[in-house]
Every structure is written in structure tokens, then in C-alpha cells.
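**Q** If you're matching positions, the sequence shown starts at 0 in numbering that gives the first Met the number 0 and goes up one per residue.
Note that the Cβ used here is the ideal one computed from N, Cα and C, for glycine as well.
Treat the numbers as computed from the prediction; the structure is a model and nothing was measured.
Got a structure here, written out as C-alpha cells. Questions coming.
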Amino acid sequence: MFKLLRENIRIAMGSIRTQLLRTILTVLIIAIGITALVGILTLVAALENSISKDFASMGSNTFNITQYDITERMDGDRSERKPNPIISYPQAKGFVSAYNFPYTHSSLSFTATSKAEVKFESKKTDPEISVLGVDEYFLINSGTEISQGRNFTPAIHEGIASFAMEQQFRLEKDDAIYGLGQHQDGVFNYRGEQVNFFQNNTEVAVPFMISVKNYGVLWDNYSLT
0 MFKLLRENIR
10 IAMGSIRTQL
20 LRTILTVLII
30 AIGITALVGI
40 LTLVAALENS
50 ISKDFASMGS
60 NTFNITQYDI
70 TERMDGDRSE
80 RKPNPIISYP
90 QAKGFVSAYN
100 FPYTHSSLSF
110 TATSKAEVKF
120 ESKKTDPEIS
130 VLGVDEYFLI
140 NSGTEISQGR
150 NFTPAIHEGI
160 ASFAMEQQFR
170 LEKDDAIYGL
180 GQHQDGVFNY
190 RGEQVNFFQN
200 NTEVAVPFMI
210 SVKNYGVLWD
220 NYSLT
């Protein structure tokens, strides 16, 4: 076996020596071809990524399903105004669950208000801003880039996608947080405490935390029974 292998190697080396120019040209052609192929694939991937980002920023690779309050139909000289049905939360969640295809991200969003004013100490926003309730794919689908901070991602808790919330605002030294609603455990000051917000098979339950400075942190969630 080893003699046969050694003989094949000897014949191959002899062939290379006798046809050195042809061997060098063949190796160069193969190397140039592989290099060109890798370069083309890299260029195509870069162009695809760049085009995808450009189209995403314009929102042209997404479509929105929105409930408009009124639909107006024109029939000659007559016009008919018809209220559109409201898209319920179970309907929206059902669509997101059903529209589960490769390379797609379905997201939900809700405009709470378009005339919000954010205040911090003596500063406030001018003009007014919009407050949206969104999920983790909203920024990706809308082509919005985050200038500071990071996007939020769901964590799986007991088989359900949940979101962890962390306090990101400052409290004054004499400020205390009080729990109302579901928090009946005898703890009156929740400052520095870790509190889990859960709704267990209830139709109306809104855990609400209120400050002695008369501002609140509201956590609202649908609880389907």
C-alpha cells in the first residue's frame, strides 16, 4: 500500500517537473478563479445588505394594516361614511402568530397619544411628541435606527414571551413608591424593592404604582381569559 502511494507521488512529481509551466499556469488559473468567485459573492452580499437597509429606511419592504376610523364611499353625487370595525388585540395577536414565514418579522404597535409632553425636572419637550406602544420588531420594520440605548428583547418565562422592565428615572431622596391594586403584602414603601408584575386570569387588573410626588408609573397589559 505504502509502496503504491510512494510510486504515485513519485510519478506526480516527475510529471510536474517535466511540465512545470503548464502546472504553474493551471494553479494560477484555479487560484484566480477561486479569488474572483469569493470576491463576487462578497460584493453581492454587501450590495444586498446595503439595498436592504436603504429600502428598510424608506419602509418599502413592509406593509401596514391599520384601522381607519371612517371609510367614505362616493357613488355619483352621494357619499356614504361608514365606521370601520376596530382591530382587537386578539385579532392582531392572531395575525402575528399566523403570519410566521421565513425572513419576515411581524410586529404590533399602538399610538397611545400624539400630543404627549415629556418632563424631567424643569425641562420639557417642545413640540409635543407621540407615545407608541410597540414590540421588539417595530423599530426593525419601521426602519428606525436607535441613536442611543438598545432595543428590547423578550425573555421566555414559563413558555411565554415576557419583557423585563427596569427603572431608568431618578428618584428624590424623600420620594417613596407605594403599591396599589394587586400588591396587598403589607409592604408600603417599594423603593429599592424588586416587584414582579403578573396578571393571573383576570379581566380587569392594572398594577399601578404611585409616587408621593403625584406622578405614576402605569403598567398595563391585556389578560385574556
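#1: Going by other Cβ atoms of all chains shown within 10 Å of its Cβ, with 16 needed for buried, is N99 buried or exposed?
#2: Does N83 pass the burial test, meaning 16 or more other C-beta atoms within 10 Å, or should it be called exposed?
#3: What's the gap between the Cα of S129 and the Cα of L107?
#4: Relative to the alpha-carbon of K92, which residue among E79, S113, I64, K118 has its alpha-carbon at the smallest distance?
#5: Note the first and the last residue of the continuous beta strand (DSSP E) segment covering G132.
#6: Residue ranges of each beta strand (DSSP E) run of no fewer than 3 residues wholly in the region 95-128, ordered along the chain?
#7: When DSSP labels each residue in this structure, what does P89 get in the three-state scheme?
#8: Beta-carbon separation of V117 and T124 under 8 Å?
#9: Where A11 and V43 are concerned, what is the direct C-alpha to C-alpha distance, given to the nearest angstrom?
#10: Hey, would you say N140 sits closer than 8 Å to H104, going by beta carbons?
#11: If Q66 sits next to I39, beta carbons under 8 Å apart, how far is it from one beta carbon to the other, in whole angstroms?
#12: Cβ of T25 within 8 Å of Cβ of I15?
#13: Roughly how many whole angstroms lie between the Cα atoms of L3 and L27?
#14: My assumption, with CB atoms under 8 Å, is that K114 sits in contact with E127. Please give the rounded CB distance.
#15: In angstroms with no decimal places, state the Cα-to-Cα distance between G132 and G142.
#16: Does DSSP put S141 in a helix, in a strand, or in coil?
#17: Express the C-alpha separation of S49 and Y102 in angstroms, rounding to a whole number.
**A** For this structure:
#1: By the Cβ-count criterion, N99 is exposed, with fewer than 16 other Cβ atoms from all chains shown falling within 10 Å of its own Cβ.
#2: By the 10 Å Cβ count, N83 comes out exposed.
#3: One alpha carbon belongs to S129, the other to L107, and they sit about 16 Å apart.
#4: When each option's Cα is compared against that of K92, the closest is I64.
#5: 128-133 is the span of the beta strand (DSSP E), which, as asked, contains G132.
#6: Taken in chain order, the complete beta strand (DSSP E) segments of 3 residues or longer contained in the region 95-128 are 108-115.
#7: Reduced to three states, the DSSP call for P89 is helix.
#8: Taking 8 Å as the Cβ cut-off, V117 and T124 qualify as a contacting pair.
#9: If you take the alpha carbons of A11 and V43, they lie about 39 Å apart.
#10: Taking the C-beta atoms as reference points, H104 is found nearer than 8 Å to N140.
#11: Their Cβ separation, rounded to whole angstroms, is 47 Å, which puts Q66 and I39 out of contact at 8 Å.
#12: In this structure, T25 lies away from I15, with their beta-carbon atoms at least 8 Å apart.
#13: When the Cα atoms are used, L3 and L27 turn out to be separated by approximately 29 Å.
#14: Beta-carbon to beta-carbon, K114 and E127 are separated by about 5 Å, close enough to satisfy the 8 Å threshold.
#15: Roughly 16 Å between the two C-alpha positions.
#16: In the structure shown, S141 sits in coil (DSSP, three-state: anything other than H, G, I, E or B).
#17: Rounded to whole angstroms, the separation of the alpha carbons of S49 and Y102 is 17 Å.
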